[in-house]
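Chains as they are written, first to last, in the numbering used here: chain B, 646 to 1010; chain R, 646 to 1010; chain C, 646 to 1010; chain U, 646 to 1010.
By construction, the Cβ of each residue, glycine as well, lies at the ideal position given by its N, Cα and C atoms.
Note that the coordinates shown come from a computational prediction; the quantities given were computed from them, not determined experimentally.
4 protein chains.
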Amino acid sequence: MGSVWGNNFKLTIFGESHGGGIGCVLDGFPAGVAYDEEFILSEMDRRAPGKNRQSTARREKDLPKVLSGVFEGKTTGTPISCVIENTDTRSGDYRNLIDHPRPGHADYTGRIRFHGCNDPRGGGHFSGRLTAPLVFAGAMCKLFLRSKGMAVGSHIASIGQIMDTPFDDVCIPAEQLETLRTQQYPIINPRAQQAMLDQIDQAREALDSLGGIIECAVIGVPAGLGSPMLCPAEGRISSLLFAVPAVKGVEFGAGFSISAMHGSEANDRMILEDGVVKTETNNNGGILGGITSGMPIVVRAAIKPTPSISREQMTLNLADGKVEPLVIKGRHDPCIVTRAAPVVEAAVAVAMTDLYLEAYGYAQD
Amino acid sequence: MGSVWGNNFKLTIFGESHGGGIGCVLDGFPAGVAYDEEFILSEMDRRAPGKNRQSTARREKDLPKVLSGVFEGKTTGTPISCVIENTDTRSGDYRNLIDHPRPGHADYTGRIRFHGCNDPRGGGHFSGRLTAPLVFAGAMCKLFLRSKGMAVGSHIASIGQIMDTPFDDVCIPAEQLETLRTQQYPIINPRAQQAMLDQIDQAREALDSLGGIIECAVIGVPAGLGSPMLCPAEGRISSLLFAVPAVKGVEFGAGFSISAMHGSEANDRMILEDGVVKTETNNNGGILGGITSGMPIVVRAAIKPTPSISREQMTLNLADGKVEPLVIKGRHDPCIVTRAAPVVEAAVAVAMTDLYLEAYGYAQD
Amino acid sequence: MGSVWGNNFKLTIFGESHGGGIGCVLDGFPAGVAYDEEFILSEMDRRAPGKNRQSTARREKDLPKVLSGVFEGKTTGTPISCVIENTDTRSGDYRNLIDHPRPGHADYTGRIRFHGCNDPRGGGHFSGRLTAPLVFAGAMCKLFLRSKGMAVGSHIASIGQIMDTPFDDVCIPAEQLETLRTQQYPIINPRAQQAMLDQIDQAREALDSLGGIIECAVIGVPAGLGSPMLCPAEGRISSLLFAVPAVKGVEFGAGFSISAMHGSEANDRMILEDGVVKTETNNNGGILGGITSGMPIVVRAAIKPTPSISREQMTLNLADGKVEPLVIKGRHDPCIVTRAAPVVEAAVAVAMTDLYLEAYGYAQD
Amino acid sequence: MGSVWGNNFKLTIFGESHGGGIGCVLDGFPAGVAYDEEFILSEMDRRAPGKNRQSTARREKDLPKVLSGVFEGKTTGTPISCVIENTDTRSGDYRNLIDHPRPGHADYTGRIRFHGCNDPRGGGHFSGRLTAPLVFAGAMCKLFLRSKGMAVGSHIASIGQIMDTPFDDVCIPAEQLETLRTQQYPIINPRAQQAMLDQIDQAREALDSLGGIIECAVIGVPAGLGSPMLCPAEGRISSLLFAVPAVKGVEFGAGFSISAMHGSEANDRMILEDGVVKTETNNNGGILGGITSGMPIVVRAAIKPTPSISREQMTLNLADGKVEPLVIKGRHDPCIVTRAAPVVEAAVAVAMTDLYLEAYGYAQD
């Protein structure tokens, strides 16, 4: 299995890139959450391909059609289902790839996993297009989390070698997250943004691609979500972050850097601020012993460079075992990181909703 | 919930550091796996505190008592339960900590999560001692995986700033993993080992602690384990790696470094070697699209420095809201990374068993 | 939660009676199963309201639109999603019911459960219409089970006081199940059928309704499916049978009658027949210790009379606490048992698929 | 898998009849529940074999040793683990049974399921003895439910053909449940009790056995627990009731009888009593649309006669395929129904706790 996630509510995602449609179902989503269509469409837009995000044409293309679970402007508590049509498909481009698995893609592993039966067109169920329903689900979860005083946001921490200014991990204002959400590129430092865009242009010209890192934060988190031992908050969140295509690493707080610190430096000192327990640093990323501390949750996801590059590559012909040149046709982003922020946020928002519902149940007012 | 893990078999871990005992239950573990007690005890020994690992005394202390699930030298297929006694407990040391949460520990978050009812003695259910039953479970899973041609091993990739030679990720011999397993310190490069031990000594003398990174590999993995979308192999493995206390980051293959590569560099080129599909590099760590490729799985876990340090620290007195000095008494390792390798391997072995059983079921011969 | 089921694959059902559409997702369904559309439509037809089952109009109405998971005539192994439009809805009929919960319906409990937010039109998510996607899922599972040599079938064991001839529980020919499947009414004894139809007519004339019992069988079941203790095959199957609306009792083999037997009578004597272990009787309904024995699984589900009756009833006005007369408008079957057989079979087929996949995994040939 | 149950907390049961011990783990059990040892031991006593229930000797035999999860008289919220020693084992009796599966037992199905590796001594993991940890878990859950105003109780509704007076299903006083709990035989009607005991004596003398029915009730249930569609309260409860060995049927409210009613008779009319919504009848057993209504939950479980009878039976010799006489040695109850009430109650109490936690979460006060 693979397309259902959650312990305390369930997200199911379905669809193939060039099939009859893609979509998702949210089962166990709380009742009574106001359905803010404008917000949801703006989230869908952040992920959508192409630049001119205000165009109506774009919106129609990735317009989520909600079939159930919303009634008179509010969630019903019964399954929310959403279907997004596949419109602009050019399946002809991909036929050649069945025997020529693209390097860095799931063409070969998918073939083994599904006995050669999976839909290869446009990557099928493996397509990055499947992140559209994830973003829809994340938008719904953000609406729920907002009703509980939480907000999820992110920025592009790096593209290639270029790094953005990191979050101030002990104090991330809601306004900053909202500003990043509405920027064309969610980057804190404008100079970093220019350097990143330059790098992407160079990669495109070189028929190559680039990866990067998304840094995501959740603020307003109540202390006490998550569990020790086998199901810590980090494990719950990471299990869904690795579901974002191309993510190969996940770290919380100081993450891999904490491994090079001394304890006296890494330990976050506790203080009381306006009657609230906080820490002066946040090297643990808002989670201690698998349980949220009330500090911002800070998590970074490493995204590999788009494996589909325009440059000729060598690959194996599975039919005859020979290594042969391959040119991947079709339209491919030289850097998906610029569109990855809402997807990473969606994964985190879904995981946070699951953690919240574990603590408070569906009957909480 | 938090102490049960698994979709296709279930691991349950229970116990408190100073309670009546700790242990685990493995439900759905395959029938007919030979119970190799010597191997299991050797794994327990790798994790056990203290240096003189050959001593009988040590073995008795962490001796797993198997109550069920093993009959006439083989697993029965019914739940394997194991209890480990708590013997050497000195609860007096920890009483003072209830109102003085230790920085970097779960004292505060545990108190919120469990409404102040959890056992605080020795860290209770949060104690690193709970990794003992995890190592037992991992040892059982290694026996199963071995019967399917797989092996799990690891080395200390770094302690503080000192790095070991990394695995050759396209070819990791079983002998290397076994050698590392039986070394006092699982480090590939002897010079790195000396530098690491020196750093630990310095940290101890400074009443401080150090963190590090464990690099773990699984070899002999069949292609086709795991799933695309929401339950990828990386997500399954990481969800359990974050259950290892002090892990704050997890990465596969080139991990965070892949985010700074170009696609032309990151893409692993496929080849045929002795009739087997392989890749010339392994930047994806043996997993593509959430599914194993047959290449070695390579995963790294970042471990924070032991939060219990001997040096005086400031912390919050939860009773009166004042920041006060705290001296943590008791015996604490200045660097748990030297004992973390078998624990990380255990988490990976348990996750691999779950993935294998999803693919082949309990009825596979 | 409530609309996701399964351990080894997942069925999700969504939709409201008068909403934008209903449907289901099957995640983890095996790859390579031939998609037999004619069979699926014939199953949908068995459940569909109205009598004239051959009409094209009817087929169009409940036509399942498969959006994903089927490619070139076979299942892909990725999620199968199916949407069924709601066409013939007359929401005006039900507006009055919000403050006047219908006796025997979930109007009141649904209101409490979902904080008054659930869609009340036509019963919303509680509507019997939601059994249509269950029948679709069951039809898919029947195709899979058929490829493994299994068949699921049923008959109306009773309506009101009138009983059909029971299955010969030690030998149920596949032909009998197929004959029942294609009959207008799945009843073995023609005289019982006439008496049942007479009773239904009388109930309709009395503005009342009738219940009944469906007896369902699975043949060709391999021995060894299911588990002892907490997840026995009976428990798995019953957990889904109670999801069929109006089911209030489930029994296996001799069921409640076995409680009045002596052990010497109830114990099924084992024999060898053509090299296969069988039993001379089948009082245990093909399941012993929670595990299938290879004998036919025989299970009965008790279905209550349609709670929507045309006759005036008294109910509580939730707005003012007064007991008031209620007349339920709209079209209601006086006996849903005649349409329940494919739904019960679907629940059993889904559960059997889950049990099979637990044993053999997705990688079985 | 089979020995882990629960969505919102997890019960794990382990052990074999003649192994090193049996026990259970409760993960996710709420923190802060007072541990009432006397109550727990009294529940264990109700299930324990033998008659002289007040004897200290008996108590020591099935004494649950709690290893974790209870601290200073209250539950900690971390896993509660309990081990019960196996003391009085006579494995010699059962050796003969490996090739001679006992009719009505799981000997054959267990052999297939576990590839012949399961422990056959005393029924191994299939033994009725495994209900002891279930009763422990149920007792813990009853303590929790009590703290929320709920009570679970039962009586022997029938043994063989003799029936007890049923519960008054619209009003079951807590005192009645407590009285039944402390009676030697939980039977309402003393004359029925005498007739039942007579029947058991006759069965014993005839070297035979008898089955029966347990009727169980839960009172004080809040409205709104459970879910529509695939995970109704009936399905959750029944999935665990079928885990009680020998249960072959489960029905709620009027159960199978409701199938012979008219709708006008079956529909429970709603009324307001002291400001609380109730129904004048309770044919739906306190559950409508899969959701609790606030009325008592009434459920009956049909228990087959003990398959181990002293009388000679024919069975198959699996070694040579011949049908041979078998005499089952050892001590066997001619009717386990007299000890089944606390086990059925335990299953229901565990299921109710799961349903409650789904609604209210672990963070509810």
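Segments of 4+ residues assigned as alpha helix (DSSP H) that fall wholly inside the region 709-762 of chain R: Whole alpha helix (DSSP H) segments, 4+ residues: 752-758.
Can you give the Cα-Cα distance for Ile804 of chain U and Gly935 of chain C, rounded to whole angstroms? For the purposes of this step, residue 804 of chain U is taken as residue 159 along the fourth sequence, with counting starting at 1. For the purposes of this step, residue 935 of chain C is taken as residue 290 along the third sequence, with counting starting at 1. One C-alpha to the other measures close to 23 angstroms.
So, helix, strand or coil for Gln821 of chain R, using DSSP? If you number the second sequence from 1, residue 821 of chain R lands on position 176. Here Gln821 of chain R sits in helix by DSSP.
Can you give me, in chain order, the residues of the region 921-955 of chain U that have a beta carbon less than 8 angstroms from any beta carbon in chain R? From the region 921-955 of chain U, no residue has a Cβ closer than 8 angstroms to chain R.
Note down, one range per segment and in chain order, each alpha helix (DSSP H) of at least 4 residues found wholly within the region 977-1008 of chain R. Counting only runs of 4 or more, we get 982-1005.
For Gly898 of chain C, count neighbouring C-beta atoms within 10 Å of its own C-beta (all shown protein chains included) and say buried if the count is 16 or more, exposed if not. Within the third sequence, numbered from 1, the residue matching residue 898 of chain C stands at position 253. By the 16-neighbour rule on beta-carbons within 10 angstroms, Gly898 of chain C is buried.
According to DSSP, is Leu885 of chain C part of a helix, a strand, or is it coil? Reading the third sequence from its first residue, position 240 is the one you call residue 885 of chain C. In this structure, DSSP gives Leu885 of chain C a helical state, which the three-state scheme calls helix.
Could you spell out where the beta strand (DSSP E) holding Pro970 of chain U opens and where it closes? The sequence position of residue 970 of chain U within the fourth sequence is 325, counting from 1. First-last of the beta strand (DSSP E) with Pro970 of chain U: Val968 to Leu971.
Could you check whether the Cβ of His770 of chain U sits closer than 8 angstroms to any Cβ belonging to chain C? For this step, residue 770 of chain U is matched to residue 125 along the fourth sequence. At least one C-beta of chain C is nearer than 8 angstroms to the C-beta of His770 of chain U.
9 angstroms Cβ cut-off: residues of chain U touching Asp752 of chain R: One-based indexing of the second sequence puts residue 752 of chain R at position 107. Under the 9 angstroms cutoff, chain U gives no residues; its nearest Cβ is about 14 angstroms from Asp752 of chain R.
For a test of the three-state rule: what should DSSP assign to Met646 of chain U, helix, strand or coil? Locating residue 646 of chain U in the fourth sequence gives position 1, counting from the first residue. Coil.
Taking the alpha carbon of Thr827 of chain U as the reference point, which residue from U:Gln847, U:Asn731, U:Ala676 and U:Glu683 has its own alpha carbon closest? To locate residue 827 of chain U, count along the fourth sequence from 1; it is residue 182. Residue U:Glu683 is the option with its Cα nearest to Thr827 of chain U.
Cutoff 7 angstroms; reference Lys949 of chain R; Cβ partners in own chain excluding five residues on either side: Locating residue 949 of chain R in the second sequence gives position 304, counting from the first residue. Gly856, Ala891 and Lys893, listed in sequence order.
How many angstroms separate the CA atom of Glu990 of chain U from the CA atom of Leu686 of chain U? One-based indexing of the fourth sequence puts residue 990 of chain U at position 345. One-based indexing of the fourth sequence puts residue 686 of chain U at position 41. Rounded to whole angstroms, Glu990 of chain U to Leu686 of chain U spans 15 angstroms at the Cα level.
Please check the pair Pro724 of chain U and Asp672 of chain U, which I expect to be a contact at CB under 8 angstroms, by giving their CB distance rounded to whole angstroms. On the fourth sequence, residue 724 of chain U is found 79 positions in, with the first residue counted as 1. On the fourth sequence, residue 672 of chain U is found 27 positions in, with the first residue counted as 1. Right, the Cβ-Cβ distance comes to about 5 angstroms (below 8 angstroms), so this counts as a contact.
Does Ala868 of chain B come within less than 8 angstroms of chain U when only Cβ atoms are used? For this step, residue 868 of chain B is matched to residue 223 along the first sequence. Taking 8 angstroms as the CB threshold, Ala868 of chain B stays off the interface with chain U.
Using a C-beta cutoff of 8 angstroms, does Lys655 of chain C count as contacting chain B? Stepping through the third sequence from its first residue, residue 655 of chain C is reached at position 10. Cβ-Cβ to chain B under 8 angstroms: yes for Lys655 of chain C.
If we cut at 8 angstroms on Cβ distances, does Phe637 of chain U have a partner in chain R? Residue 637 of chain U is absent from the structure shown; chain U starts at 646 and stops at 1010.
Alpha-carbon spacing of Leu971 of chain U relative to Asp752 of chain U, whole angstroms: Here residue 971 of chain U refers to the residue found at position 326 of the fourth sequence. Here residue 752 of chain U refers to the residue found at position 107 of the fourth sequence. Rounded to the nearest whole angstrom, the C-alpha separation of Leu971 of chain U and Asp752 of chain U is 13 angstroms.
Going along chain R, which residues have a C-beta under 9 angstroms from Leu788 of chain U? What you label residue 788 of chain U is simply residue 143 of the fourth sequence in a count that begins at 1. Residues of chain R passing the Cβ test: none, with the nearest at roughly 14 angstroms.
Beta-carbon neighbours of Ser803 of chain B, restricted to chain R and to distances below 8 angstroms: In the first sequence, counting from the first residue as 1, residue 803 of chain B sits at position 158. Proximity of chain R to Ser803 of chain B at the Cβ level (cut-off 8 angstroms) is accounted for by Ser904 and Ala905, in chain order.
Mind checking who Thr827 of chain R pairs with in its DSSP beta bridge? Here the question's residue 827 of chain R lines up with position 182 in the second sequence. Thr827 of chain R pairs with nothing; no bridge assigned.
What does Asp672 of chain C reach in chain B if we use C-beta pairs closer than 8 angstroms? Numbered from its first residue, the third sequence carries residue 672 of chain C at position 27. Neighbours of Asp672 of chain C on chain B, chain order: Met646, Gly647, Ser648, Val649, Thr657 and Phe659.
Quick check on Arg747 of chain U: buried or exposed, where buried means 16 or more other Cβ atoms within 10 Å of its Cβ? For the purposes of this step, residue 747 of chain U is taken as the residue at position 102 of the fourth sequence. Buried, since its Cβ has 16 or more Cβ neighbours within 10 Å.
In the DSSP assignment, the alpha helix (DSSP H) including Cys786 of chain R goes from what residue to what residue? As a first step, residue 786 of chain R is located in the second sequence; it is residue number 141 there, counting from the start. Segment Thr776 to Ser792, the alpha helix (DSSP H) holding Cys786 of chain R.
When you compare the CB of Glu1003 of chain C with every CB in chain R, is at least one pair closer than 8 angstroms? The residue given as residue 1003 of chain C occupies position 358 in the third sequence. Cβ-Cβ to chain R under 8 angstroms: yes for Glu1003 of chain C.
8 angstroms Cβ cutoff met for Asn927 of chain C and Asp814 of chain C: Numbered from 1 along the third sequence, position 282 holds the residue referred to as residue 927 of chain C. Numbered from 1 along the third sequence, position 169 holds the residue referred to as residue 814 of chain C. Contact flag set, yes.
Beta-bridge pairing of Thr951 of chain R - partner residues as DSSP gives them: By 1-based counting over the second sequence, the position of residue 951 of chain R is 306. Under DSSP, Thr951 of chain R takes part in no beta bridge, so it has no partner.
Using three-state DSSP, classify Phe771 of chain R as helix, strand or coil. As a working mapping, residue 771 of chain R is identified with position 126 in the second sequence. It is helical.
Inter-stretch contact at 8 angstroms, needing at least 3 Cβ pairs: the region 649-667 of chain U / the region 755-767 of chain U: Cβ pair count under 8 angstroms is three or more, so yes.
Can you tell me the Cα-Cα spacing of Asn652 of chain U and Asn731 of chain C, whole angstroms? Here residue 652 of chain U is taken as the residue at index 7 of the fourth sequence, counted from 1. Here residue 731 of chain C is taken as the residue at index 86 of the third sequence, counted from 1. So the alpha carbons of these two residues sit roughly 32 angstroms apart.
Leaving out five residues on either side along the sequence, give the residues of the same chain with a beta carbon under 6 angstroms from the beta carbon of Ile981 of chain B. Counting from one through the first sequence, the residue named residue 981 of chain B turns up at place 336. Excluding positions up to five away in sequence, the list reads Thr951.
May I ask you to report which of helix, strand or coil DSSP gives Asp690 of chain B? Translated into the one-based positions of the first sequence, residue 690 of chain B becomes position 45. Residue state, collapsed to three classes: helix.
When you check each C-beta in the region 721-733 of chain C against every C-beta of chain B, which residues fall closer than 8 angstroms? Listed by position, the residues of the region 721-733 of chain C near chain B (Cβ gap below 8 angstroms) are Thr721, Gly722, Thr723, Pro724, Ile725, Ser726 and Val728.
Identify the contact partners of Ala1083 of chain C in chain R, using a Cβ-Cβ distance below 9 angstroms as the criterion. This structure leaves residue 1083 of chain C out entirely; chain C is present only between 646 and 1010.
Ala819 of chain C versus Cys727 of chain C: straight-line alpha-carbon distance, rounded: Numbered from 1 along the third sequence, position 174 holds the residue referred to as residue 819 of chain C. Numbered from 1 along the third sequence, position 82 holds the residue referred to as residue 727 of chain C. Their backbone Cα atoms lie some 28 angstroms apart in a straight line.
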